[in-house]
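Protein chains in written order, with my numbering: chain C, 924 to 1454; chain H, 1013 to 1335. Glycine is no exception: its CB is placed at the ideal position from the N, C-alpha and C atoms. These numbers come from a predicted model, not from an experiment. See below for the structure under consideration.
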């Protein structure tokens, strides 16, 4: 009897060992870009930050529906309008074994606002961080700010002791000639650790079995391998041949192929980025047009004529092959509760002609449309379609498509906003309307640096006033009402011509399922292996 | 002899300096590096500060002087994208490119010479016609298309070979090689064929025409008349005499194999220096672009220098002219 029991338990043991070995799962994925510096404060770019949130964590995090969830802070409350209290999670350890405490939060808050950091905007410059005790931090503000923590899921907490001892306090900028440890190694609290990192080629992650979020369970995957695959065709081929479990982005024309393959499927969803056209309303004479004595775009009727001349539904259906949603607002509808009240003006080239004639341009005019050709999904094709549509209303549009490096160098502030008519995409980093109202619609003032992306120079002081109220209004309903008022003004003014929210397309192997977030951030801890 | 070499070295240095200057003038038109280095929310003041720190406000000639004087001391600056010294990154990537170039050169020679000999000897056979058709495709199809076709057939359809990357790599300290692992060997096949196809075609056509030429010469006829075996005549006498131009061309082509690797590396995501360069162009990473262009210029100059010196050794007439 005893021998049998012993034998049984021995077999049980071997089978446990065997299954443990078999259960060693590796998830491999490819993306078009590469991971730059590993310092979480040196570049505010979605892919770099999004990937690092698997290694480091913020006080908050966002779930698959982008709702704010507790991260390293278990809970928080606004104890006075200008004083927030964060209760930190206890028993959390950094990957090197150090304890996570309030001192790390205060240190990180100072470091993220120090010179060289590219994430200074995450925290107001005058916010004061006070460690009340080891696991409580108070943030004292100079004025109320209901969206204080809205971007904190990408403000990652670093370990004070490790950062100081490795001589990494100074944020690595491109101007530095010395290489700091923090730009090449990581030490976070997150579910995964970086095991190997080859600059610009590949990065391998291993699971951190001690992560608090596993809730005592084993990690979902043991190892994640990331490789950069820049060429679209190669990336899709790598998925189809089974060498990759996830690749993104998948170009719209390849979605059908990924779907028709038995071992893979396409995961599509709306992205937060809004693609729109902007018009120069600041100059008295347009730089790139045949109208040399006036700026027709300063006339709201001309801007309305432009709007009515563009068939955004056709662009979404044809150029984007259904992978886009036509938009009436300058932000994704999911980010603003009142967005249902806004509608796109109808496509009507006849009305466009009428409006142009009323404005004194019965024969239309000529204008140049500046467009990137490697930045957004099918960006150049969109511009060409716009040109063809506007020709029907009598406006001759000359498309000037350039690589993003040249395009942005010209049209942004550093290039002197050198454009008359342009295509751009925008996703508010805070997932909030205030960002859109100030960055895109705020009057351009040279010294204060407001409206830096308001390339067309739209300016309505009433909108600026409303935006200032939106910033400090803690009551959600009142705040939404103010936002709606502001959007009413900007859409009446035809400040911009929104086109669509472009779609996300990931190609996934049938062996796994993943959560696709609308901000295109991929969280390893939400991978599940198919049974 | 020594005077000749010194004169050539001085000329080479001038060539490299000019390449550097031309590159620097071109960088003006690639775009604004600062835009690629910061996120969207970065304020205009912070952007200006960064521009100042990087020395991008200085006149072009000052920037060029800084670059050249640092480069002469082996310092190529820090990459804007990766925040690491360029010399380190290039050092990591170079083995991949050189290995790929070497394997594809070997492939081109090993396949090109026998095919050339065969098509010269059996001009009207079916196989010869097939070889010639293949070589026509090799010359006329752009290499990115060849690469994508190979990926489609051998990776997606047959699933025999990987579609991208270098496989497992063994680190030998200062050199990383993929030639010692099974996955690494499998991974190099498709890129090497893609890269070497054009050179293979070139060598094959060259061997064919040279061989046909040599077969008509008197000494071959004489060798045949002496009653030597056909195999000895073809390979002992004829082929040996066709090899001189082939060796010259292959040597000179090695430089362009490395330079052309940019496209092949992009299609196969081969982690070499060509891919690094292309990504640097897209991201306006000036230090990497400058270092890469200088490196390629240096390589070409070096190959030419060696060829020139060899000619002097081989051909006494050049020596006489020089003195």
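Subject >> Alpha-carbon spacing of residue 944 of chain C relative to residue 979 of chain C, whole angstroms >> reply: The residue given as residue 944 of chain C occupies position 21 in the first chain. The residue given as residue 979 of chain C occupies position 56 in the first chain. Residue confidence is low: residue 944 of chain C scores 46 on pLDDT, short of 50, so the model does not pin down where it sits. Its coordinate-derived value is still stated next. Roughly 28 angstroms between the two C-alpha positions.
**OP:** Measuring alpha carbon to alpha carbon, tell me which of C:1259, C:1260, C:1258, C:1235 ends up nearest residue 1248 of chain C.
**Re:** Here residue 1248 of chain C refers to the residue found at position 325 of the first chain. Closest option to residue 1248 of chain C, Cα to Cα, is C:1235.
Subject >> Coarse secondary structure for residue 1149 of chain C, derived from DSSP in three states >> reply: By 1-based counting over the first chain, the position of residue 1149 of chain C is 226. Of the three classes helix, strand and coil, the one that applies to residue 1149 of chain C here is strand, per DSSP.
Subject >> Every unbroken alpha helix (DSSP H) within the segment 1373-1402 of chain C, with a cutoff of 4 residues, ordered by chain >> reply: Complete alpha helix (DSSP H) runs here, min 4: 1384-1395.
**OP:** Whole angstroms is fine: what's the gap from residue 1329 of chain C's alpha carbon to residue 1296 of chain H's?
**Re:** Here residue 1329 of chain C corresponds to residue number 406 of the first chain, with the count starting at 1. Here residue 1296 of chain H corresponds to residue number 284 of the second chain, with the count starting at 1. Using only the alpha carbons, I get a separation of about 9 angstroms.
Original post:
So, is residue 994 of chain C buried or exposed, given that buried needs 16 or more other C-beta atoms within 10 angstroms?
Top reply: The count along the first chain starts at 1 and reaches residue 994 of chain C at position 71. By the neighbour-count definition (other C-beta atoms within 10 Å, threshold 16), residue 994 of chain C is a buried residue.
Subject >> Partners in chain H for residue 1152 of chain C, counting only beta-carbon separations shorter than 7 angstroms >> reply: By one-based count along the first chain, residue 1152 of chain C stands at place 229. Scanning chain H for C-beta atoms nearer than 7 angstroms to the C-beta of residue 1152 of chain C yields 1176, 1281, reported in chain order.
Subject >> Any C-beta of chain C under 8 angstroms from that of residue 1121 of chain H >> reply: Sequence index remark: in the second chain, residue 1121 of chain H carries index 109 (1-based). By the rule that beta-carbons nearer than 8 angstroms mark a contact, residue 1121 of chain H does not touch chain C.
Subject >> Delimiting residues of the alpha helix (DSSP H) encompassing residue 1063 of chain H >> reply: The count along the second chain starts at 1 and reaches residue 1063 of chain H at position 51. Looking at the DSSP string, the run of the alpha helix (DSSP H) that includes residue 1063 of chain H is 1056-1066.
Original post:
Within this structure, are the beta carbons of residue 1151 of chain C and residue 1065 of chain H separated by less than 8 angstroms?
Top reply: In the first chain, residue 1151 of chain C corresponds to position 228, counting from 1. In the second chain, residue 1065 of chain H corresponds to position 53, counting from 1. Between residue 1151 of chain C and residue 1065 of chain H, the CB-CB gap reaches or exceeds 8 angstroms.
Subject >> Three-state class that DSSP yields for residue 1029 of chain H in the structure shown >> reply: Position 17 of the second chain holds residue 1029 of chain H. Assigned with DSSP and collapsed to three states, residue 1029 of chain H falls in helix.
**OP:** Identify whether residue 944 of chain C lies in helix, strand or coil by the three-state DSSP scheme.
**Re:** Taking the first chain and counting its residues from 1, one reaches residue 944 of chain C at position 21. Below a pLDDT of 50, predicted positions are generally treated as unreliable, and residue 944 of chain C, at 46, falls in that range; no measurement from the model is reported.
**OP:** Would you kindly report the start and end of the unbroken beta strand (DSSP E) that includes residue 1294 of chain C?
**Re:** The residue given as residue 1294 of chain C occupies position 371 in the first chain. In the DSSP assignment, residue 1294 of chain C falls within the beta strand (DSSP E) that extends over 1289-1295.
Original post:
Taking DSSP as the reference, what is the three-state secondary structure of residue 1034 of chain H?
Top reply: Position 22 of the second chain, counting from 1, holds the residue named residue 1034 of chain H. Helix.
Original post:
Is it true that the CB of residue 990 of chain C sits closer than 8 angstroms to the CB of residue 1194 of chain C?
Top reply: If you number the first chain from 1, residue 1194 of chain C lands on position 271. If you number the first chain from 1, residue 990 of chain C lands on position 67. No, the Cβ-Cβ distance between residue 1194 of chain C and residue 990 of chain C is not below 8 angstroms.
Subject >> Run of the alpha helix (DSSP H) containing residue 1033 of chain C, from where it starts to where it stops >> reply: Numbered from its first residue, the first chain carries residue 1033 of chain C at position 110. DSSP places residue 1033 of chain C inside the alpha helix (DSSP H), whose first and last residues are 1025-1035.
Original post:
In the structure shown, what three-state DSSP assignment does residue 1302 of chain C receive?
Top reply: Looking up residue 1302 of chain C in the first chain gives position 379. In the three-state reduction of the DSSP assignment, residue 1302 of chain C falls in the helix class, which pools H, G and I.
Original post:
Buried or exposed: where does residue 1285 of chain C fall if 16 or more other Cβ atoms within 10 Å of its Cβ makes it buried?
Top reply: By one-based count along the first chain, residue 1285 of chain C stands at place 362. Here residue 1285 of chain C is exposed. Its C-beta has fewer than 16 other C-beta atoms within 10 Å.
Original post:
What residues of chain H sit near residue 1375 of chain C, judged by a beta carbon separation below 8 angstroms?
Top reply: Locating residue 1375 of chain C in the first chain gives position 452, where the first residue counts as 1. Listed along the chain, the chain H residues whose CB falls inside 8 angstroms of the CB of residue 1375 of chain C are 1055, 1056.
Original post:
Of all the options C:1073, C:1026, C:1212, which has the alpha carbon lying nearest to the alpha carbon of residue 1047 of chain C?
Top reply: For the purposes of this step, residue 1047 of chain C is taken as residue 124 along the first chain, with counting starting at 1. Taking the Cα of residue 1047 of chain C as reference, the smallest distance to any Cα among C:1073, C:1026, C:1212 is reached at C:1073.
Original post:
Looking only at DSSP bridge pairs, what is residue 1424 of chain C linked to?
Top reply: One-based indexing of the first chain puts residue 1424 of chain C at position 501. Residue 1424 of chain C is bridged to C:1197, C:1248.
Original post:
What does residue 1125 of chain C pair with, by DSSP beta-bridge criteria?
Top reply: The residue labelled residue 1125 of chain C in the question sits at position 202 within the first chain. In DSSP, residue 1125 of chain C forms a bridge with C:1121, C:1150.
Original post:
Could you give the C-beta distance for residue 1229 of chain C and residue 1363 of chain C, rounded to a whole number, given that I count them as a contact under 8 angstroms?
Top reply: The residue you call residue 1229 of chain C lines up with position 306 of the first chain. The residue you call residue 1363 of chain C lines up with position 440 of the first chain. With a Cβ gap of about 17 angstroms, residue 1229 of chain C and residue 1363 of chain C do not count as contacting.
**OP:** Using the DSSP secondary-structure output, state which residues sit across from residue 1411 of chain C in a beta bridge.
**Re:** In the first chain, the residue the question calls residue 1411 of chain C occupies position 488. For residue 1411 of chain C, which the question treats as bridged, DSSP gives no partner whatsoever.
Subject >> Contacts of residue 1291 of chain H in chain C (Cβ-Cβ under 8 angstroms) >> reply: By one-based count along the second chain, residue 1291 of chain H stands at place 279. The answer, in chain order, is 957, 1123, 1153.
Original post:
Beta-carbon of residue 1041 of chain C versus every beta-carbon of chain H: anything under 8 angstroms?
Top reply: In the first chain, residue 1041 of chain C corresponds to position 118, counting from 1. With its beta carbon less than 8 angstroms from one in chain H, residue 1041 of chain C belongs to the interface.
Original post:
Taking only beta-carbon atoms, is residue 1443 of chain C less than 8 angstroms away from chain H?
Top reply: What you label residue 1443 of chain C is simply residue 520 of the first chain in a count that begins at 1. Not a single CB atom of chain H sits nearer than 8 angstroms to the CB of residue 1443 of chain C.
**OP:** Could you work out which residues of chain D lie near residue 1165 of chain C, taking near to mean beta carbons separated by less than 9 angstroms?
**Re:** Of the protein chains in the structure, C and H, none is chain D.
**OP:** Could you tell me how far apart the beta carbons of residue 1117 of chain C and residue 962 of chain C are, in whole angstroms, since I believe they sit closer than 8 angstroms?
**Re:** In the first chain, counting from the first residue as 1, residue 1117 of chain C sits at position 194. In the first chain, counting from the first residue as 1, residue 962 of chain C sits at position 39. In fact, because the Cβ distance is near 12 angstroms, the residues do not count as touching under 8 angstroms.
Original post:
Using 8 angstroms as the threshold, is the segment 1211-1220 of chain C in touch with the segment 1389-1409 of chain C, meaning 3 or more CB pairs across them?
Top reply: Verdict: no, contact absent.
Original post:
Given that a residue counts as buried once 16 or more other Cβ atoms are within 10 Å of its Cβ, and exposed if not, what is residue 1078 of chain H?
Top reply: On the second chain, position 66 is the one that residue 1078 of chain H refers to. That one is exposed.
**OP:** For residue 1334 of chain C, I'd like the list of residues in its chain whose CB is within less than 8 angstroms of its CB, leaving aside the five on either flank, ordered along the chain.
**Re:** The sequence position of residue 1334 of chain C within the first chain is 411, counting from 1. Exclusion of the five residues before and after residue 1334 of chain C leaves 1293, 1340, 1341, 1342, 1345, 1347, 1378 as the residues of its chain whose Cβ lies within less than 8 angstroms of its Cβ.
Original post:
Count the other CB atoms within 10 Å of the CB of residue 1013 of chain C; is the residue buried (16 or more) or exposed (fewer)?
Top reply: As a first step, residue 1013 of chain C is located in the first chain; it is residue number 90 there, counting from the start. Burial is judged here by how many other beta carbons sit within 10 angstroms of a residue's own beta carbon; residue 1013 of chain C has fewer than 16 and is exposed.
Original post:
Which residues does DSSP pair with residue 1056 of chain C in a beta bridge?
Top reply: Counting from one through the first chain, the residue named residue 1056 of chain C turns up at place 133. Bridge partners of residue 1056 of chain C: C:1059.
Subject >> Under the three-state DSSP convention, the category residue 1078 of chain H falls into >> reply: In the second chain, the residue the question calls residue 1078 of chain H occupies position 66. Of the three classes helix, strand and coil, the one that applies to residue 1078 of chain H here is helix, per DSSP.
Original post:
Per DSSP, what kind of secondary structure is residue 928 of chain C in: helix, strand or coil?
Top reply: Here the question's residue 928 of chain C lines up with position 5 in the first chain. Caution applies to residue 928 of chain C, whose pLDDT of 44 falls short of 50 and renders its modelled position unreliable; the model cannot decide the point.
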